[in-house]
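A.B. asks: I'd like to ask you about the structure that follows.
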Amino acid sequence: MSRSRSLLRGRGRHDSGKVGMVELFFDLVFVFAVTQLSHSLLAHLSLGGAVQVALLMVAVWWVWIFTSWITNWLDPETLPIRLGLFVLMVAGLLLSSSIPQAFGERGLLFAGAYVFMQVGRTAYSLWAVRGEPLNMTRNFQRILLWLLFSGVFWISGGLLEGPQRLACWGLALAIEVLSPSLYFWVPGLGRSTLADWNVEGNHMAERCGLFVIIALGESLLVTGATFAELTTSAQGLLGFVVAVLGSIAMWWVYFDSGAERAHHRIAHSADPGRQARIAYTYLHLLIVAGIIVSAVADELVLMHPDHASPAGVLVIVGGPWLFLLGCALFKWVMNDRPLPPLSHLAGLLVLLLLLPAAGSQLFSALALGSLSTLVMVGVAAWETLALRERTPTAGH
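Residue numbering for the sequence shown follows this note's numbering, starting at 84 and increasing by one per position.
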């Protein structure tokens with residue numbers, strides 16, 4: 084393929100990492116997916132329900148992040164890649180619409196849409212890089228074979244029911260999540276290298292930041308929609324304020340300094356593939372999961388401010404805890420610290436200390452939600468003040 088006809092994203096220009104409007108349009112499908120996930124968790128607030136929603140959430144993230152890797156390599160402003168994204172959008176809507184019944188009557192639809200997106204996108208990308216250097220072609224061949232292997236278990240699970248479906252899908256997802264850490268090794272084809280995953284750091288950082296915005300936006304949407312249906316009361320108003328402040332604190336913890344520093348780091352890194360794999364592909368899953376669980380907690384607090392069930396307590400505390408854990412590990416990896424930020428570690432500890440008191444019914448749901456939000460605000464304030472001091476020993 085001649086350079087004039089190449090479908091690869093250009094590198095080296097000041098705008099080479101810019102996220103295109105077609106990518107933002109594609110992301111709208113995942114606004115719907117995130118909403119479906121939070122509603123599904125709220126409707127099945129049990130250990131079994133949590134396991135099922137967790138599996139679906141990882142699957143949704145995995146199909147989105149793999150697509151982001153593809154549009155990091157291939158130029159979505161070219162007609163063939165743009166059309167490919169539109170096809171993926173249709174499949175993504177089918178995937179998202181089937182989430183509430185993925186472990187019910189729409190299991191095969193979910194599995195089929197997922198496998199179509201993963202396998203179809205990779206096969207299309209293999210066609211798109213024909214004529215490019217051999218290492219790029221080999222990279223897509225290896226990825227395609229791994230996804231075909233996992234696809235067998237996705238489709239098999241869709242044909243089964245109950246625990247058998249969960250087991251098949253869990254195995255399929257484990258294969259896909261493990262594959263990048265094994266560099267997609269295939270007998271006879273060898274394995275990929277980090278040099279093969281040469282990414283545009285600006286693009287990867289911005290894409291993942293935008294998904295965090297999607298999740299936060301869904302959280303605010305849930306808060307606003309739930310509050311609109313409540314009768315006016317002091318408890319309802321307080322719950323609304325607490326939920327919004329919690330979302331603002333999460334935005335602050337992620338975007339005030341951490342996201343920008345990480346963005347600068349990967350954009351100027353000699354080894355962006357390693358950072359994109361660890362910090363953005365894996366660790367951002369915890370961050371997004373924390374926001375989704377927190378959105379469910381906000382709805383619980385607004386609807387039932389006086390009482391929290393054991394499952395509700397875990398959701399109210401667990402959402403911020405997952406988010407802080409993801410942010411702590413993300414900042415640790417991207418800044419080569421000896422330890423994660425002290426502010427985040429302290430917040431994680433305080434949230435854990437809330438669990439015994441909450442389990443003994445010492446706090447109402449509203450009080451527990453207020454305390455969790457207070458912890459998040461405290462972490463944001465601590466880190467901000469520590470960074471403003473600009474000293475190497477700042478405790479953050």
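Glycine included, C-beta positions come from ideal geometry on N, C-alpha and C. This structure is a prediction, so every number in the text was calculated from the model and none was measured.
Look at the alpha carbon of residue 392 and the alpha carbon of residue 448, and state the distance between them as a whole number of angstroms.
C.D. replies: In a straight line, the C-alpha of residue 392 is about 9 Å away from that of residue 448.
A.B. asks: Taking the alpha-carbon positions, what's the residue 150 to residue 318 distance?
C.D. replies: Roughly 43 Å between the two C-alpha positions.
A.B. asks: For residue 269, which three-state DSSP category applies?
C.D. replies: Strand.
A.B. asks: To the nearest angstrom, how far is the alpha carbon of residue 156 from that of residue 228?
C.D. replies: Each residue's Cα considered, the two are about 19 Å apart.
A.B. asks: Taking a contact to mean a Cβ-Cβ separation below 8 Å, would you say residue 332 touches residue 417 in this structure?
C.D. replies: No. Outside cutoff.
A.B. asks: So residue 193 and residue 182 are in contact, right, with Cβ under 8 Å, and what is the actual spacing, rounded?
C.D. replies: 7 Å between Cβ atoms; contact.
A.B. asks: With a 10 Å radius around its C-beta and 16 neighbouring C-beta atoms as the bar for buried, classify residue 204 as buried or exposed.
C.D. replies: Buried is the call here.
A.B. asks: DSSP state of residue 477, grouped into three classes?
C.D. replies: Caution is warranted here: a pLDDT of 41 is assigned to residue 477, below 50, making its placement in the model unreliable, and the coordinate value is therefore given only provisionally. Residue state, collapsed to three classes: coil.
A.B. asks: Rounded to a whole number of angstroms, what is the C-alpha to C-alpha distance between residue 85 and residue 263?
C.D. replies: Confidence is the limiting factor: at residue 85 the pLDDT is only 44, short of 50, which leaves the residue's position unreliable and the question unanswerable from this model.
A.B. asks: For the segment 132 to 185, list the beta strand (DSSP E) runs that are entirely contained and at least 3 residues long, ordered along the chain.
C.D. replies: Whole beta strand (DSSP E) segments, 3+ residues: zero.
A.B. asks: Hey, out of 215, 384, 145, 303, whose CA is closest to residue 451's CA?
C.D. replies: Residue 384 is the option with its Cα nearest to residue 451.
A.B. asks: When DSSP labels each residue in this structure, what does residue 366 get in the three-state scheme?
C.D. replies: Correct three-state label for residue 366: helix.
A.B. asks: Considering Cα atoms alone, identify which of 260, 135, 129, 162 is closest to residue 105.
C.D. replies: Answer by Cα proximity: 162.
A.B. asks: Quick one: measure Cβ to Cβ for residue 294 and residue 371, integer angstroms, because I've assumed they're closer than 8 Å.
C.D. replies: Residue 294 to residue 371, Cβ: 6 Å. Contact.
A.B. asks: Checking 8 Å against the spacing of the C-beta atoms, do residue 117 and residue 298 come in under that value?
C.D. replies: The answer is yes: Cβ separation under 8 Å.
A.B. asks: Name the two residues that bound the continuous alpha helix (DSSP H) containing residue 114.
C.D. replies: Its alpha helix (DSSP H) spans residues 104 to 126.
A.B. asks: Does the beta-carbon of residue 92 have 16 or more other beta-carbons within 10 angstroms, so that it is buried, or is it exposed?
C.D. replies: So residue 92 ends up on the buried side.
A.B. asks: Leaving aside the five residues before and after residue 206 along the sequence, list all residues of the same chain whose C-beta is less than 8 Å from its C-beta, in chain order.
C.D. replies: 227, listed in sequence order.
A.B. asks: What residue from 197, 349, 320 has the CA that sits closest to residue 141's CA?
C.D. replies: Residue 197 is the option with its Cα nearest to residue 141.
A.B. asks: Could you tell me how far apart the beta carbons of residue 146 and residue 200 are, in whole angstroms, since I believe they sit closer than 8 Å?
C.D. replies: 5 Å between Cβ atoms; contact.
A.B. asks: Quick check on residue 217: buried or exposed, where buried means 16 or more other Cβ atoms within 10 Å of its Cβ?
C.D. replies: It is exposed - the Cβ of residue 217 has fewer than 16 other Cβ atoms within 10 Å.
A.B. asks: Return the residue from the list 173, 255, 345, 275 that minimises the CA-CA distance to residue 221.
C.D. replies: Of the listed residues, the one whose Cα sits closest to residue 221 is 275.
A.B. asks: Per DSSP, which one or two residues make a beta bridge with residue 91?
C.D. replies: 157, per the DSSP bridge assignment.
A.B. asks: With DSSP collapsed to three states, give me the class of residue 464.
C.D. replies: Three-state result, residue 464: helix.
A.B. asks: Reducing DSSP to helix, strand and coil, say where residue 301 ends up.
C.D. replies: Three-state result, residue 301: helix.
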